[in-house]
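Per this note's numbering, residue 1400 is the first one in the sequence shown, and the count goes up by one each step.
Take a look at the structure set out below.
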Amino acid sequence: MPVSFTVATHPANEVTLPKEGPFTAEQLLAKTCPKHYESAESLLQSSFTGTGLAQKLTRRFSTKRTGAPTLDKGLVPNPNGLVNTIISAYNNHHNLILRPDDIWLCVLTQFNFFVNANAEVLRATFVAHEGKRDLTVYVQKKRHEMDFGALSREMVDLLHENLVDPSLRAWIIPTFSTTTTKDRTVAAITMMSTLQGYFRYFFEAITCGIPRITLEGTKADWQDILRRLEKLKEYGIETIAWYHLLVPVITRFVRAFDAPEDQENVEFWQKVAHFIGGSGVSHYSGWISAFCVFDPRGKWLGRALKKTVSPDTLAAAEFWSAYADNSYGYDDQSSLTLDGTTFHMTDSENIPSAYVHVPVKLVDRSEPDQMWSSVMVAGVVGTQASASALMGGKLNTVQPVTGWWIFREKE
């Protein structure tokens, strides 16, 4: 249960709202993140508008609106929605409401600044690779139909698979009793931003795909293939590698008989093949490659293999770990001390922002341009004024607001 308590005896004052409000999603972005607003060409989506938004920006903040105003006139843009909300409540005698998510997301933002300033020093703490690795979330929708909040949460799952610290995802993403989907999205974007020194992010629309799949025969037939694959381990390192490619594919064929409409099954079939083209060589990625491991002359086409350890008894993860060759490629009297800790003083003119940003590439190969540069911005980005029961509907209470945007960058 929440806890409320009285700190001062004077009554709460009414909140003075800006005359420009209520604000649109665009105006919230312009006021909260002006530098990012200036680099934006069009707003694709935001937690303040829902999905399906794509609009040109007006560049005339106070005189013309683009899009509908937000639902609540008490929502005010704020580059640090936690610190400035608390200071406003303190200086102007407003009641204050805080959620665990508001505090934690602000902590994550500060952690984000620290990691990005020390990315190379901290590299081994987070990843085992050099440079930047590309991560792509695929969605069977066109670009303007994407749910970017959901895609960012999916991207966190991909990040988790590529980190050396298996606890990082659970540490970052909040699961408090107050946590909303929006909060999880803000945390996901923050995680993406925190690790942008090691990864490049892509949201790709899949316009191709197989409308409907039929696996004939019985489940036992497909299980029989799994049994037959065991013999491949008798013929050397290349066929053992092939075995490890085939087993996860056929295993999912078998699972389809138990849960054909399950999202995991659908996503598996969406990853059958992905065409990557451009100048030079074009190729397919996806699990279809499990059926393309030898050329007509019997030359191995898969990942380069080391030949130093007996491979036949290793599990898949151990096998690839052993055999995959990755060589290719102020005044102390004015300070506060609590429990022995003295807190530093903060310049009131230099309160850091409580939002992060991360570049994301949008890919839709059904359109002529195929790829666009976009930016996601997320954090504690506003102050929400509300009324308490004792004030007869007058706005006398404030609390931080979380939110996010994604916009296409200017060329």
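From the three backbone atoms N, C-alpha and C, an ideal C-beta is built for every residue, glycine too.
Please read these numbers as outputs of a predicted model, since none were measured by experiment.
Item: Using CA coordinates, which residue listed in W1804, L1794, S1787 and F1806 is at the minimum distance from S1403?; Value: S1787
Item: Please state whether the Cβ-Cβ distance between I1687 and I1649 is less than 7 Å.; Value: no
Item: Identify every residue that forms a DSSP beta bridge with K1760.; Value: F1601 and S1772
Item: List the endpoints of the continuous beta strand (DSSP E) containing A1439.; Value: A1439 to S1445
Item: Hey, A1586 and I1609: beta-carbon distance below 7 Å or not?; Value: no
Item: Answer with buried or exposed for C1691, where buried requires no fewer than 16 other C-beta atoms within 10 angstroms of its C-beta.; Value: exposed
Item: For F1513, count the other beta carbons within 10 Å of its own beta carbon; 16 or more makes it buried, fewer makes it exposed. Which is it?; Value: exposed
Item: To which residues of the same chain is K1418 closer than 6 Å at the C-beta, ignoring the five residues directly before and after it?; Value: none
Item: Can G1480 and V1762 be called in contact, C-beta distance under 7 Å?; Value: no
Item: Got a sec, what are the start and stop residues for the beta strand (DSSP E) R1583 sits in?; Value: Run containing R1583: none in the beta strand (DSSP E); it sits in the alpha helix (DSSP H), T1580 to T1593.
Item: Thinking C-beta only, is L1644 closer than 7 Å to A1689?; Value: yes
Item: Is Y1489 buried or exposed, if buried means 16 or more other CB atoms sit within 10 Å of its CB?; Value: exposed
Item: Does F1404 come out as helix, strand or coil in the three-state DSSP assignment?; Value: coil
Item: Where does P1478 land, buried or exposed, given buried means 16+ other C-beta within 10 angstroms?; Value: buried
Item: Do D1533 and R1599 have their C-beta atoms within less than 7 Å of each other?; Value: yes
Item: E1808 lies in the beta strand (DSSP E); which residues open and close that run?; Value: L1794 to E1808
Item: Return the residue from the list K1531, Y1537 and F1525 that minimises the CA-CA distance to P1565.; Value: F1525
Item: Runs of 4 residues minimum, wholly inside the stretch 1623-1702: which ones carry the alpha helix (DSSP H) assignment?; Value: 1636-1655 and 1662-1669
Item: CA-CA distance, K1531 and F1601?; Value: 13 Å
Item: Could you give the C-beta distance for M1775 and V1757, rounded to a whole number, given that I count them as a contact under 8 Å?; Value: 5 Å
Item: Beta-carbon within less than 8 Å of S1438's beta-carbon, same chain only, minus the 5 sequence neighbours each way: which residues are those?; Value: V1774, E1808 and K1809
Item: Would you give the residue range spanned by the alpha helix (DSSP H) that D1501 belongs to?; Value: P1499 to A1516
Item: Return the CA-CA distance between F1693 and T1593, expressed in angstroms with no decimal places.; Value: 41 Å
Item: Would you check if the distance between the CB atom of Y1537 and the CB atom of I1639 is smaller than 7 Å?; Value: no
Item: Below 7 Å CB to CB, which residues in the same chain sit around L1700 once its five sequence neighbours on both sides are set aside?; Value: C1691, V1692, F1693 and D1694
Item: Among V1506, L1495 and V1759, which has the Cα closest to the Cα of T1795?; Value: One detail in the question is off: residue 1795 reads as Asn in this sequence, not Thr. Cα-wise, what sits closest to N1795 is L1495.
Item: For I1612, is the classification buried or exposed, using 16 other Cβ atoms within 10 angstroms of its Cβ as the cut-off for buried?; Value: exposed
Item: Do you know offhand how far G1823's Cα is from A1655's?; Value: Residue 1823 is absent from the structure shown; the chain starts at 1400 and stops at 1810.
Item: Looking at the secondary structure, which residues open and close the alpha helix (DSSP H) in which L1474 lies?; Value: Careful: L1474 lies outside any alpha helix (DSSP H), inside the beta strand (DSSP E) at L1474 to P1476.
Item: Looking at the secondary structure, which residues open and close the alpha helix (DSSP H) in which L1428 lies?; Value: A1424 to T1431
Item: Less than 7 Å between the C-beta atoms of T1589 and P1499, yes or no?; Value: no
Item: How would you label L1614, buried or exposed, when you count the other beta carbons within 10 angstroms and need 16 or more for buried?; Value: exposed
Item: In the DSSP assignment, the beta strand (DSSP E) including V1555 goes from what residue to what residue?; Value: Counting along the chain, V1555 falls outside any beta strand (DSSP E), though it belongs to the alpha helix (DSSP H) covering F1547 to E1560.
Item: Does DSSP classify S1479 as helix, strand or coil?; Value: It is Asn, not Ser, that sits at residue 1479 in the sequence shown. Residue state, collapsed to three classes: coil.
Item: Round the Cβ separation of L1442 and A1424 to the nearest angstrom and send it over; I've been treating them as touching at under 8 Å.; Value: 6 Å
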